[in-house]
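K.L.:
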Amino acid sequence: MIRNRDDIESRTKSGIRARIRAAVPTFTLATAAIASSAAAIVACGDADPLVLDDPTPDAAADVVDASIPPVNDASDEDMDGDADAAPPVYDASDEPVVCATTPCVTQLAAGNLHFCALLSDRTVHCWGTDTRGSLGRGIPDGSVAPSSTPQPVVEMTNATQISVGPQGNTTCARDTEGRVWCWGENSNAQLGLEESTGVRDTVAHPTPTPVALTVPVVRVDVGQGTVCAITADRKVYCWGGNASMQLARPELTNFYGGVGRAQLGDYEVTRTLHNLYSSFAITTYGQLLGWGRPSGRPSSLPSNDGIATPVPLPGLGDVTQIATSGTSGSNGHQCVIARGRVHCWGSNIRGELGNGVPDGQQVPGFAGIIAEPGVFPQQLALGAHRTCVRMTDGTVQCCGDDRLGALGRGGDAGSFSSRIGPAAAFEEHAVQLVSSTHATCALVQGGKVMCWGGNANGELGQGTTDTEPHPTPVTVVFP
8 MIRNRDDIES
18 RTKSGIRARI
28 RAAVPTFTLA
38 TAAIASSAAA
48 IVACGDADPL
58 VLDDPTPDAA
68 ADVVDASIPP
78 VNDASDEDMD
88 GDADAAPPVY
98 DASDEPVVCA
108 TTPCVTQLAA
118 GNLHFCALLS
128 DRTVHCWGTD
138 TRGSLGRGIP
148 DGSVAPSSTP
158 QPVVEMTNAT
168 QISVGPQGNT
178 TCARDTEGRV
188 WCWGENSNAQ
198 LGLEESTGVR
208 DTVAHPTPTP
218 VALTVPVVRV
228 DVGQGTVCAI
238 TADRKVYCWG
248 GNASMQLARP
258 ELTNFYGGVG
268 RAQLGDYEVT
278 RTLHNLYSSF
288 AITTYGQLLG
298 WGRPSGRPSS
308 LPSNDGIATP
318 VPLPGLGDVT
328 QIATSGTSGS
338 NGHQCVIARG
348 RVHCWGSNIR
358 GELGNGVPDG
368 QQVPGFAGII
378 AEPGVFPQQL
388 ALGAHRTCVR
398 MTDGTVQCCG
408 DDRLGALGRG
418 GDAGSFSSRI
428 GPAAAFEEHA
438 VQLVSSTHAT
448 CALVQGGKVM
458 CWGGNANGEL
468 GQGTTDTEPH
478 PTPVTVVFP
């Protein structure tokens with residue numbers, strides 16, 4: 008069996024999870040045995056005045072860890088008034104892929120108008136637009152035609168994790184030796200070409216180049232213009248955009264910066280996330296930290312000012328997942344999974360907050376999901392004005408913009424939905440979910456990829472492009 012679980016996982020699952028597991032037998036998602044005594048309804052949203060069209064292993068196989076390296080089951084306060092209630096007991100870590108097809112995909116990542124896939128042979132393949140060399144095909148400047156089928160990234164043969172900036176054109180990969188390689192856009196020095204001052208430009212970078220890190224890392228997280236990497240001892244190094252102090256280096260006043268240690272105080276983090284102006288991190292104890300331009304706090308105000316010192320977002324504990332649509336302010340939104348529930352804030356132009364009302368929210372608010380007993384939200388994927396959730400049983404639920412069928416509702420596709428509901432046309436078992444601006448893709452147990460939504464840039468991986476909506480998933484064609 009091939010297992011590529013990062014060293015950070017075993018340390019992350021200590022603390023409160025250890026105490027939970029001492030009293031409750033351990034189960035894994037791979038066997039679909041989820042320990043829970045929860046009721047059938049995880050949550051139920053209010054009536055929706057906005058909805059226009061809202062429908063009601065094989066033991067011998069290779070096993071490769073999929074998706075984002077997991078976070079923990081820590082505890083804190085819940086913002087819905089049930090702070091004294093214990094969080095649901097379920098395994099919030101990612102489900103491993105049991106390879107049953109060739110090629111076998113083990114992780115997905117999505118950018119603005121392109122997708123990338125990590126294969127079990129440690130190569131990376133990308134498809135969609137090739138803006139600034141985002142597909143990594145090694146094609147010189149001026150040749151930016153999209154690819155409607157997955158193409159191999161040149162010179163990447165030993166990748167273990169990939170990350171693409173939400174609504175961005177930069178991709179990074181961590182290799183077997185803990186080095187980070189990046190390609191694509193470098194307008195904010197997000198390729199990490201030099202330490203300290205950084206190097207930025209507006210030309211294409213279609214070939215992976217090494218980031219100027221001096222230590223090996225266990226994880227890399229690419230934002231829209233900022234990138235951070237985490238070491239085994241939970242030190243964080245960041246580079247790229249710094250217009251709102253997203254690099255967490257108080258002494259750095261430039262709008263961008265090279266590789267440097269983020270000053271996170273005594274906090275130990277398991278993952279980071281970055282939109283255009285804000286940065287976030289999940290700690291080993293399930294706290295959600297924020298810095299840069301204020302976001303998700305009652306004091307958040309539209310401002311160009313930023314803070315370099317991370318502060319906890321109040322009212323959220325046991326945070327296991329966070330995702331962003333990429334942009335900030337009036338056009339972007341963020342969501343977290345905390346205590347087994349989904350909370351979102353930001354823009355709500357097309358119902359992407361999943362709360363059934365038309366207004367945006369400055370602070371995290373509850374997004375209702377109806378699910379079977381023992382089924383909980385496990386992973387988030389946010390696109391432009393769209394939120395999708397992968398559940399612990401492998402099903403998918405979405406809300407928001409559905410004009411191109413990106414909610415996966417098949418014949419029930421409509422304009423938008425402000426309530427989270429099943430992607431009824433997706434009938435497989437998802438182990439990871441990602442969203443670009445106009446399309447959604449799922450990594451299916453067994454190693455294939457299925458996508459739905461917009462295909463103007465070949466996002467569906469079918470070898471064709473068109474401007475029609477595609478509300479029914481299709482299988483990506485790998486060469």
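Residues 8 to 486 in our numbering are what the sequence shown lists, from first letter to last.
From the three backbone atoms N, C-alpha and C, an ideal C-beta is built for every residue, glycine too.
1. For the putative contact between N195 and G272, defined by C-beta atoms under 8 angstroms, what is the C-beta separation to the nearest angstrom?
2. Could you say which of P173, T216 and Y274 lies nearest to W190 if we only look at CA atoms?
3. Roughly how many whole angstroms lie between the Cα atoms of L59 and G470?
4. Please classify P32: is it buried, with 16 or more other beta-carbons within 10 angstroms of its beta-carbon, or exposed?
5. Measure the alpha-carbon distance for L467 versus L200 and round it to whole angstroms.
6. Along the chain, where does the beta strand (DSSP E) containing Q385 start, and where does it finish?
7. Quick check on DSSP: helix, strand or coil for G417?
8. Just mark P173 as buried or exposed, buried being the case when its beta carbon has 16 or more other beta carbons within 10 Å.
9. Cutting at 7 angstroms between CB atoms, please list the residues of its own chain near A66, excluding the five before and the five after it.
10. Check whether the Cβ atoms of R300 and A211 sit closer than 7 angstroms, and answer yes or no.
11. Are the beta-carbon atoms of G293 and V326 separated by less than 7 angstroms?
12. Is the beta carbon of A315 closer than 7 angstroms to that of C351?
13. In this structure, how does DSSP classify T290 when only helix, strand and coil are distinguished?
14. Tell me the rounded alpha-carbon separation between L481 and D312.
15. Using a Cβ-Cβ cut-off of 6 angstroms (strictly less than) and excluding sequence neighbours within five positions of W188, which residues of its own chain qualify?
16. Once the 5 residues before and after S154 are set aside, which same chain residues still bring their CB inside 8 angstroms of it?
17. Please work out which residues of its chain come closer than 6 angstroms, Cβ to Cβ, to P317, disregarding the five sequence neighbours upstream and downstream, and give them in chain order.
18. Please name the residue, chosen from I356, A437 and P476, that lies closest to G461 on a Cα-to-Cα basis.
19. Rounded to the nearest angstrom, how far is the Cβ of T447 from that of A388, given a contact under 8 angstroms?
20. For F262, decide whether its Cβ has a neighbour in chain B, counting only Cβ atoms nearer than 7 angstroms.
21. Does the Cβ of F262 have 16 or more other Cβ atoms within 10 Å, making it buried, or fewer, making it exposed?
22. For H281, write down the residues that DSSP places opposite it in a beta bridge.
23. What does the alpha-carbon distance come out to for the pair N362 and T177?
24. Taking the continuous beta strand (DSSP E) assigned at F122, which residues delimit it?
25. Just to check my reading of the structure: P157 and A107 have Cβ atoms closer than 8 angstroms, yes? What is that Cβ distance to the nearest angstrom?
P.N.:
This is what the structure gives:
1. The residue given as residue 195 occupies position 188 in the sequence shown. The residue given as residue 272 occupies position 265 in the sequence shown. Contact flag wrong, Cβ pair sits at about 25 angstroms.
2. Taking the sequence shown and counting its residues from 1, the one referred to as residue 190 is at position 183. Considering only alpha carbons, the answer is T216.
3. For the purposes of this step, residue 59 is taken as residue 52 along the sequence shown, with counting starting at 1. For the purposes of this step, residue 470 is taken as residue 463 along the sequence shown, with counting starting at 1. Note that L59 scores 31 on pLDDT, short of 50, meaning its location in the model is unreliable; the coordinates nonetheless yield the value given after this. Those two C-alpha atoms are separated by around 32 angstroms.
4. Taking the first residue of the sequence shown as 1, we reach residue 32 at position 25. Because the pLDDT of P32 is 29, which lies under 50, any placement of that residue in the model is unreliable, and the question is left without a value.
5. Along the sequence shown, one-based indexing puts residue 467 at 460. Along the sequence shown, one-based indexing puts residue 200 at 193. Distance between the alpha carbons of L467 and L200 is about 32 angstroms.
6. The residue labelled residue 385 in the question sits at position 378 within the sequence shown. That run of the beta strand (DSSP E) goes P384 to G390.
7. If you number the sequence shown from 1, residue 417 lands on position 410. Helix.
8. The residue given as residue 173 occupies position 166 in the sequence shown. Per the 10 Å Cβ criterion, buried.
9. For this step, residue 66 is matched to residue 59 along the sequence shown. Because A66 carries a pLDDT of 34, less than 50, the predicted location of this residue cannot be relied on, and the following value inherits that uncertainty. Around A66: no qualifying Cβ.
10. Locating residue 300 in the sequence shown gives position 293, counting from the first residue. Locating residue 211 in the sequence shown gives position 204, counting from the first residue. It is not a contact, given that the beta carbons lie outside the stated cut-off.
11. Translated into the one-based positions of the sequence shown, residue 293 becomes position 286. Translated into the one-based positions of the sequence shown, residue 326 becomes position 319. Cβ atoms of G293 and V326: closer than 7 angstroms.
12. For the purposes of this step, residue 351 is taken as the residue at position 344 of the sequence shown. For the purposes of this step, residue 315 is taken as the residue at position 308 of the sequence shown. No. Outside cutoff.
13. On the sequence shown, residue 290 is found 283 positions in, with the first residue counted as 1. Looking at T290 - three-state DSSP - the assignment turns out to be strand.
14. Position 474 of the sequence shown, counted from the first residue, corresponds to residue 481. Position 305 of the sequence shown, counted from the first residue, corresponds to residue 312. For clarity, residue 481 is Val in the given sequence; the question names Leu instead. The straight-line gap from Cα to Cα measures roughly 44 angstroms.
15. If you number the sequence shown from 1, residue 188 lands on position 181. Closer than 6 angstroms at the Cβ level, and outside the excluded window around W188, lie A180, P215 and P217.
16. Translated into the one-based positions of the sequence shown, residue 154 becomes position 147. Cβ neighbours of S154 beyond the five flanking positions: C133, W134, G135, D137, L142, R144 and G465.
17. Numbered from 1 along the sequence shown, position 310 holds the residue referred to as residue 317. Same-chain partners within the cutoff: L271, L296 and W298.
18. Within the sequence shown, residue 461 is the residue found at index 454, counting from 1. The candidate whose alpha carbon is nearest that of G461 is P476.
19. Taking the first residue of the sequence shown as position 1, residue 447 is located at position 440. Taking the first residue of the sequence shown as position 1, residue 388 is located at position 381. About 7 angstroms separates the two Cβ atoms, so the contact holds.
20. Going by chain labels, chain B is absent from the structure shown, which holds only one protein chain.
21. Counted from its first residue, the sequence shown places residue 262 at position 255. Classification of F262: exposed, given that the 10 Å Cβ count is below 16.
22. Translated into the one-based positions of the sequence shown, residue 281 becomes position 274. According to DSSP, which records beta bridges pairwise, H281 is partnered with S286.
23. Taking the sequence shown and counting its residues from 1, the one referred to as residue 362 is at position 355. Taking the sequence shown and counting its residues from 1, the one referred to as residue 177 is at position 170. If you take the alpha carbons of N362 and T177, they lie about 32 angstroms apart.
24. Locating residue 122 in the sequence shown gives position 115, counting from the first residue. First-last of the beta strand (DSSP E) with F122: H121 to L126.
25. Position 150 of the sequence shown holds residue 157. Position 100 of the sequence shown holds residue 107. The Cβ separation is near 18 angstroms, so there is no contact.
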